[in-house]
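If you read the sequence shown in UniProt numbering, its first letter stands for residue 1, the second for the next number, and so on.
Take a look at the structure set out below.
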Amino acid sequence: MSAMRTEDAADGKSTANGGGVVCDERGVTVLRPTDLSEMLAAGTKEVHEKAENTEFVKDFLRGRIRKELFKLGHVALFFTYSAMEEQIERNKEHPHLAALYFPHELHRRDALARDLQYFYGEGWQNQISISPATQRYVERIQQIGQDEPALLVAHAYTRYMGDLSGGQVLRKVAQRAMKLPHTGEGLNFYEFDGIHSAKAFKQLYRSRMNELELDTHTKQKIVEEAVLAFQFNMEIFGELEEVGKTLQDDVLDAAPAHGEMQGDISQCPYYAAKTAASGGSSYICQMAKTVLKNPSGQVLLAAWIAALAGLAAWYLM
């Protein structure tokens, strides 16, 4: 299985019809290395990890969030999504985009507008401006929307799938750190009201991507464009880091401990890279100390060691 991986289909069945996606009798979708979703995952792995390990993202996950930077980040997102969704709307009937047109489920512009109104108040449109890095990002999206619409797939994949993967975790960190209302004001960007299961929707979206009739050259160009999208995002992170150096330290509460999270922080793409880099050793040590302080935990630990010993004995027979 080193060259392939499997994922449960969105509804337990495959919607694929010949785009290289195969569904076996158990309702398991088998993805091949030549599928666009697999090429994107492999082709963006390195740059994805670099984005996850920028100081801005690491500070965010630690709960070290400056409200002014959070607001500026939302401004950058507003301009980016406005451009992307305008081009998606222009090209919604394009053969390489029609199957991925989910305005009700995915579009973020209106949600970002509500957040900006909360942060800046009435007349917020007159209080924001586009940054140089965001301008370059927007210009690239507008260019390919006119000249090579198929490449919009890369930008939609990079933004929407990332938002669905880590959105709920990031929402809770931001809400706690900046003491935002539990009713959701200022955090509409992270709420996908039209999606009941992020996992199922992502599987459906990847399946739709894999069904697109694309030749190998076009697929590779989409992968290269996705790498470029990550680079644009890192440029924006870099801008925010520079702005942060000029601000007073207005960091509020630290992020909640993992046990206080309602969502699974391990599902956040930013946290995954951070944990992999450290081996999760500090977290494991802390958990071990907690368990050993509890008598019932000591009994469970002894049972677990005995089980491992039995397994080792069986393996060596």
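The beta-carbon is built from N, C-alpha and C at its ideal position, and this holds for glycine as well.
1) In the DSSP assignment, find the unbroken alpha helix (DSSP H) run with M178 in it and report its ends.
2) Closest to A150 by CA distance: which of L164, M161, E52 and M84 is it?
3) Identify every run of the alpha helix (DSSP H) within the stretch 118 to 155, keeping only runs that are complete inside it and at least 4 residues long; order them along the chain.
4) Round the Cβ separation of H74 and F119 to the nearest angstrom and send it over; I've been treating them as touching at under 8 Å.
5) Are the beta-carbon atoms of R109 and F232 separated by less than 9 Å?
6) Would you identify the three-state DSSP class for P95, choosing helix, strand or coil?
7) Can you give me the start and stop residues for the alpha helix (DSSP H) that G43 sits inside?
8) Between the alpha carbons of K71 and P95, how many angstroms are there, rounded?
9) Between which two residues does the alpha helix (DSSP H) harbouring D193 extend?
10) Shortest alpha-carbon distance to K199 belongs to which of K245, M161, L40 and E68?
11) Cβ of R66 within 8 Å of any heavy atom in the ligand ZN?
12) Select from G167, F201, S129 and D59 the residue whose C-alpha is nearest the C-alpha of T80.
13) Kindly indicate the opening and closing residues of the alpha helix (DSSP H) around P103.
14) So, for A226: in the same chain, excluding its five sequence neighbours on each side, which residues have a beta-carbon less than 8 Å away from its beta-carbon?
15) For Q127, which residues of its own chain have a beta-carbon under 6 Å away from its beta-carbon, when the five flanking residues on both sides are left out?
16) Around the Cβ of Q248, are there at least 16 other Cβ atoms within 10 angstroms (buried) or fewer (exposed)?
17) Between the C-alpha atoms of F230 and L240, what's the straight-line distance to the nearest angstrom?
18) For R206, does the three-state DSSP call read helix, strand or coil?
19) First and last residue of the alpha helix (DSSP H) that includes M84?
20) The alpha helix (DSSP H) spanning G238 covers which residue range?
21) Going straight from the alpha carbon of S2 to that of R32, what length do you get?
22) Within the same chain, show all residues whose beta-carbon is closer than 7 Å to that of S37, passing over the 5 residues directly before and after it, in chain order.
23) List the endpoints of the continuous alpha helix (DSSP H) containing L61.
24) Mark T183 as exposed unless 16 or more other C-beta atoms lie within 10 angstroms of its C-beta, in which case mark it buried.
25) On the CB-based measure, 16 or more other CB atoms within 10 Å of its CB, does K172 come out buried or exposed?
26) Express the C-alpha separation of I144 and L100 in angstroms, rounding to a whole number.
27) Keeping to the same chain, check which residues put their C-beta closer than 7 Å to that of G186; ignore five residues upstream and five downstream.
28) Quick one: residues in its chain with C-beta nearer than 6 Å to the C-beta of I195, no 5 flanking neighbours on either side, listed in chain order?
29) What is the rounded straight-line gap between the Cα of L69 and the Cα of Q87?
30) Tell me the DSSP secondary structure of Q248 in three-state form.
31) Starting from the C-beta of V138, find all residues in its chain whose C-beta is less than 6 Å away, skip the five residues before and the five after it, and write them out in chain order.
32) Could you say which of R90, T54, N53 and S131 lies nearest to L77 if we only look at CA atoms?
Short version:
1) Here residue 178 refers to the residue found at position 178 of the sequence shown. M178 -> no alpha helix (DSSP H), and no H or E assigned at all.
2) Residue 150 sits at position 150 when you count from the first residue of the sequence shown. Among L164, M161, E52 and M84, the Cα nearest to that of A150 belongs to M84.
3) The stretch 118 to 155 contains, as complete alpha helix (DSSP H) runs of 4+ residues, the segments 132 to 147 (chain order).
4) Position 74 of the sequence shown, counted from the start, is the residue given in the question as residue 74. Position 119 of the sequence shown, counted from the start, is the residue given in the question as residue 119. Contact between H74 and F119 holds, with the beta-carbon distance rounding to 7 Å and staying under 8 Å.
5) Working through the sequence shown from its first residue, we reach residue 109 at position 109. Working through the sequence shown from its first residue, we reach residue 232 at position 232. No; because the gap between Cβ atoms is not below 9 Å, this pair is not in contact.
6) Here residue 95 refers to the residue found at position 95 when the sequence shown is read from its first residue. P95 falls in the coil class under three-state DSSP.
7) Walking along the sequence shown from the start, residue 43 turns up at place 43. Following the DSSP letters along the chain, one finds G43 inside the alpha helix (DSSP H) bounded by residues L36 to G43.
8) The residue you call residue 71 lines up with position 71 of the sequence shown. The residue you call residue 95 lines up with position 95 of the sequence shown. The alpha-carbon atoms of K71 and P95 are separated by roughly 36 Å.
9) Within the sequence shown, the letter at position 193 stands for residue 193. Per DSSP, D193 is not a residue of any alpha helix (DSSP H), being assigned neither H nor E.
10) Numbered from 1 along the sequence shown, position 199 holds the residue referred to as residue 199. When each option's Cα is compared against that of K199, the closest is M161.
11) For the ligand ZN, the structure offers nothing, since it holds no ligand at all.
12) Position 80 of the sequence shown holds residue 80. The option with the nearest alpha carbon to T80 is S129.
13) Numbered from 1 along the sequence shown, position 103 holds the residue referred to as residue 103. Taken as a continuous stretch (DSSP letters only), the alpha helix (DSSP H) holding P103 covers P103 to L106.
14) Here residue 226 corresponds to residue number 226 of the sequence shown, with the count starting at 1. In its chain, beyond the 5 residues on either side, L40, G43, T44, A154, H155, Y157 and T158 have a beta carbon closer than 8 Å to the beta carbon of A226.
15) As a first step, residue 127 is located in the sequence shown; it is residue number 127 there, counting from the start. For Q127, where only same-chain residues beyond five positions count, the Cβ hits under 6 Å are Y120.
16) Translated into the one-based positions of the sequence shown, residue 248 becomes position 248. Q248 is exposed by the Cβ-count criterion.
17) Within the sequence shown, residue 230 is the residue found at index 230, counting from 1. Within the sequence shown, residue 240 is the residue found at index 240, counting from 1. Rounded to whole angstroms, the separation of the alpha carbons of L240 and F230 is 15 Å.
18) For this step, residue 206 is matched to residue 206 along the sequence shown. When DSSP states are grouped into helix, strand and coil, R206 belongs to the helix group.
19) Taking the sequence shown and counting its residues from 1, one reaches residue 84 at position 84. M84 -> alpha helix (DSSP H) spans K67 to R90.
20) Translated into positions along the sequence shown, residue 238 becomes position 238. Element bounds for G238: T216 to G244.
21) Counting from one through the sequence shown, the residue named residue 2 turns up at place 2. Counting from one through the sequence shown, the residue named residue 32 turns up at place 32. Low per-residue confidence applies at S2: pLDDT is 32, beneath 50, and the placement is therefore not dependable enough to give any value.
22) In the sequence shown, residue 37 corresponds to position 37, counting from 1. The residues L31, R206, M209 and N210, in chain order, have a CB closer than 7 Å to that of S37 in the same chain once the five nearest residues on each side in sequence are set aside.
23) For the purposes of this step, residue 61 is identified with residue 61 of the sequence shown, where counting begins at 1. It spans E55 to L61 - the alpha helix (DSSP H) in which L61 sits, taken as one unbroken run.
24) The sequence position of residue 183 within the sequence shown is 183, counting from 1. Classification of T183: exposed, given that the 10 Å Cβ count is below 16.
25) Counted from its first residue, the sequence shown places residue 172 at position 172. Burial state of K172 is buried, judged by a 10 Å Cβ sphere holding 16 or more other Cβ atoms.
26) Looking up residue 100 in the sequence shown gives position 100. Looking up residue 144 in the sequence shown gives position 144. Straight-line spacing of the CA atoms in L100 and I144 works out to 17 Å.
27) Position 186 of the sequence shown, counted from the first residue, corresponds to residue 186. Excluding sequence neighbours, G186 sits near D115, Y118, F119 and L180.
28) Here residue 195 is taken as the residue at index 195 of the sequence shown, counted from 1. Once the five neighbours on either side are set aside, the close Cβ partners of I195 are E105 and F201.
29) Here residue 69 refers to the residue found at position 69 when the sequence shown is read from its first residue. Here residue 87 refers to the residue found at position 87 when the sequence shown is read from its first residue. If you draw a straight line from the Cα of L69 to the Cα of Q87, it comes to about 27 Å.
30) By 1-based counting over the sequence shown, the position of residue 248 is 248. Coil at Q248, not helix or strand.
31) As a working note, residue 138 is residue 138 in the sequence shown. If we look at V138 and ignore the five residues flanking it on each side, its Cβ neighbours are F79 and A83.
32) If you number the sequence shown from 1, residue 77 lands on position 77. Closest option to L77, Cα to Cα, is S131.
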